[in-house]
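Student:
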Amino acid sequence: MRVAVPKENLAGERRVALVPEGVVKLRNAGFQVVVEAGAGLHAGCDDAAYVEAGAEIIADPAAVWAGADVVLKVRGPTEYPALGVHEVDLIDEGAALIALFHPLAHPELVRRLADRRVTTFCMDLVPRITRAQRMDALSSQATAAGYRAVLLAAERLPKFFPMLMTAAGTIPPARVLVLGAGVAGLQAIATARRLGAVVQAFDIRPAVKEQVESLGASFVGLELEAAEDAGGYAKEVSADVHRREQELLARLVKGVDVVISTAQIPGRPAPVLITDAMVAAMRAGSVIVDLAAESGGNCELTEAGREVVHHGVTILGLTDAASGVAAHASQMYSRNVVALLLHLAPEGTLVPDPADEIASACLVTRAGEIVHDGARALVRAGD
Numbered sequence: 010m011r012v013a014v015p016k017e018n019l020a021g022e023r024r025v026a027l028v029p030e031g032v033v034k035l036r037n038a039g040f041q042v043v044v045e046a047g048a049g050l051h052a053g054c055d056d057a058a059y060v061e062a063g064a065e066i067i068a069d070p071a072a073v074w075a076g077a078d079v080v081l082k083v084r085g086p087t088e089y090p091a092l093g094v095h096e097v098d099l100i101d102e103g104a105a106l107i108a109l110f111h112p113l114a115h116p117e118l119v120r121r122l123a124d125r126r127v128t129t130f131c132m133d134l135v136p137r138i139t140r141a142q143r144m145d146a147l148s149s150q151a152t153a154a155g156y157r158a159v160l161l162a163a164e165r166l167p168k169f170f171p172m173l174m175t176a177a178g179t180i181p182p183a184r185v186l187v188l189g190a191g192v193a194g195l196q197a198i199a200t201a202r203r204l205g206a207v208v209q210a211f212d213i214r215p216a217v218k219e220q221v222e223s224l225g226a227s228f229v230g231l232e233l234e235a236a237e238d239a240g241g242y243a244k245e246v247s248a249d250v251h252r253r254e255q256e257l258l259a260r261l262v263k264g265v266d267v268v269i270s271t272a273q274i275p276g277r278p279a280p281v282l283i284t285d286a287m288v289a290a291m292r293a294g295s296v297i298v299d300l301a302a303e304s305g306g307n308c309e310l311t312e313a314g315r316e317v318v319h320h321g322v323t324i325l326g327l328t329d330a331a332s333g334v335a336a337h338a339s340q341m342y343s344r345n346v347v348a349l350l351l352h353l354a355p356e357g358t359l360v361p362d363p364a365d366e367i368a369s370a371c372l373v374t375r376a377g378e379i380v381h382d383g384a385r386a387l388v389r390a391g392d
């Protein structure tokens with residue numbers, strides 16, 4: 010089976026879907042691997058490393074996609090200006106795609122993939138069960154994003170993060186508030202603590218309180234019961250709970266130097282937790298790093314993909330945080346993808362088993378049909 014790894018086409022994306030160690034594993038399992046020339050350069054993987062691992066390097070982008078049984082990508086297919094086509098149209102009909110994208114946020118892309126008769130497996134939808142942990146790309150990339158967010162905040166903040174005892178007197182530590190104690194939030198907490206900041210963490214799920222405190226942060230959430238779904242994600246809250254959130258956050262944000270926001274709800278716009286008025290009440294020079302920018306942002310003033318300043322506060326709307334640490338983010342993602350592909354095709358042929366909970370959870374399109382219930386409903390709603 011021929012596996013293709015094209016260069017990521019989306020502006021700013023530095024990751025690659027498969028690193029050389031992943032090529033070795035796939036080759037040992039009997040797969041043929043082709044990689045577009047230069048695909049891994051930003052992730053520290055040159056063409057020579059891929060060749061040594063057993064991959065074939067192809068310079069022509071269209072030729073990489075042609076004849077592939079499986080295409081591995083980080084981002085979902087997008088327009089390819091240099092070739093004047095959409096990447097979906099480069100995939101052979103009947104081939105499979107494994108990528109990290111949000112099908113509920115991109116119904117038109119899902120429709121195109123179905124029309125092309127592509128079998129699509131979405132890494133976002135890998136279930137959070139024990140035997141799928143090695144395939145959990147959301148967690149691996151959130152780890153990279155949480156780490157990167159703190160480094161960017163420290164760079165923008167005109168203060169030290171740690172407390173310093175100097176001849177010029179004592180410098181107090183920076184105060185950091187992390188919104189959302191999922192994987193990205195917990196990594197942000199750990200990184201900010203390593204840099205010496207005083208850290209608080211806000212979440213509505215009481216189950217995360219112990220994890221927050223184990224990292225040395227103070228938990229300042231609402232501790233609502235039944236605030237998470239079966240997958241461990243936060244659920245959308247009622248209007249009354251949202252009002253209480255806003256009242257608490259208004260008090261918290263004006264006393265900190267940095268806010269790292271990570272709160273997201275799968276398949277829905279990110280909840281707006283920080284209002285214009287809250288930003289106006291923050292200290293001049295403070296920093297907000299919004300990791301939910303791509304799904305709308307947790308801050309009312311966030312602009313996806315941009316760094317803006319409002320009321321003297323710098324707001325970073327990150328959409329490519331994991332790309333900032335492309336080498337390790339790619340290494341982790343590659344391991345996730347290889348684990349999923351070997352699970353889906355243990356005998357070298359990709360034939361999804363509808364009875365398998367991993368395959369059925371992340372399968373979005375197949376044989377011209379949209380098989381994911383949520384994506385199918387959205388596409389039908391747009392007809």
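In our numbering, the protein residues as written are 10 to 392. The beta-carbon is built from N, C-alpha and C at its ideal position, and this holds for glycine as well.
1. Starting from S247, trace the beta strand (DSSP E) both ways and give me its first and last residue.
2. Taking the straight line between their C-alpha atoms, what separation do you get for E378 and L353?
3. Name the residue from H115, A289 and L27 whose alpha carbon lies nearest to the alpha carbon of I324.
4. Give me the Cβ distance between L122 and T374, rounded to the nearest whole Å; I'm assuming they're in contact under 8 Å.
5. Provide the residue(s) that pair with Q273 in DSSP beta bridges, ordered along the chain.
6. Going straight from the alpha carbon of A177 to that of R184, what length do you get?
7. Given a cut-off of 8 Å on the beta-carbon distance, is the pair V25 and G63 in contact?
8. Helix, strand or coil for K263 per DSSP?
9. Quick check: what's the CA-CA separation for P355 versus I67?
10. What is the rounded straight-line gap between the Cα of A235 and the Cα of G357?
11. Is the closest heavy atom of the ligand MG to the C-beta of L351 under 7 Å?
12. For K168, which option in D266, R140 and L359 has the closest C-alpha, if you only look at C-alpha atoms?
13. With DSSP as the reference, label R375 as helix, strand or coil.
14. Which residue comes first and which comes last in the alpha helix (DSSP H) that contains T152?
15. Counting Cβ pairs closer than 8 Å, one from the segment 272–285 and one from the segment 149–168, do we hit at least three?
Tutor: So, from the listed chains and residues:
1. Your numbering for residue 247 matches position 238 in the sequence shown. Here S247 belongs to no beta strand (DSSP E), and DSSP marks it neither H nor E.
2. Position 369 of the sequence shown, counted from the first residue, corresponds to residue 378. Position 344 of the sequence shown, counted from the first residue, corresponds to residue 353. E378 and L353: Cα-Cα distance of roughly 19 Å.
3. As a first step, residue 324 must be located in the sequence shown, where it is residue number 315. For I324, the nearest C-alpha among the options comes from A289.
4. Taking the sequence shown and counting its residues from 1, the one referred to as residue 122 is at position 113. Taking the sequence shown and counting its residues from 1, the one referred to as residue 374 is at position 365. L122 to T374, Cβ: 5 Å. Contact.
5. As a working mapping, residue 273 is identified with position 264 in the sequence shown. Note: Q273 sits in no beta bridge, so no partner.
6. Reading the sequence shown from its first residue, position 168 is the one you call residue 177. Reading the sequence shown from its first residue, position 175 is the one you call residue 184. Whole-angstrom Cα-Cα distance: 21 Å.
7. Mapped onto the sequence shown, residue 25 falls at position 16. Mapped onto the sequence shown, residue 63 falls at position 54. No; because the gap between Cβ atoms is not below 8 Å, this pair is not in contact.
8. Within the sequence shown, residue 263 is the residue found at index 254, counting from 1. Note: K263 maps to coil in three-state DSSP.
9. Working through the sequence shown from its first residue, we reach residue 355 at position 346. Working through the sequence shown from its first residue, we reach residue 67 at position 58. Roughly 26 Å between the two C-alpha positions.
10. On the sequence shown, residue 235 is found 226 positions in, with the first residue counted as 1. On the sequence shown, residue 357 is found 348 positions in, with the first residue counted as 1. Reliability of the predicted coordinates at A235 is poor, the pLDDT of 49 falling under 50, and the value obtained from them is presented with this limitation in mind. Distance between the alpha carbons of A235 and G357: 42 Å.
11. The model on display carries no ligand, and the ligand MG is accordingly not part of it.
12. The sequence position of residue 168 within the sequence shown is 159, counting from 1. With distances taken between Cα atoms, K168 lies closest to D266.
13. Here residue 375 is taken as the residue at index 366 of the sequence shown, counted from 1. Reduced to three states, the DSSP call for R375 is strand.
14. Here residue 152 corresponds to residue number 143 of the sequence shown, with the count starting at 1. Residues A146 to R165.
15. no
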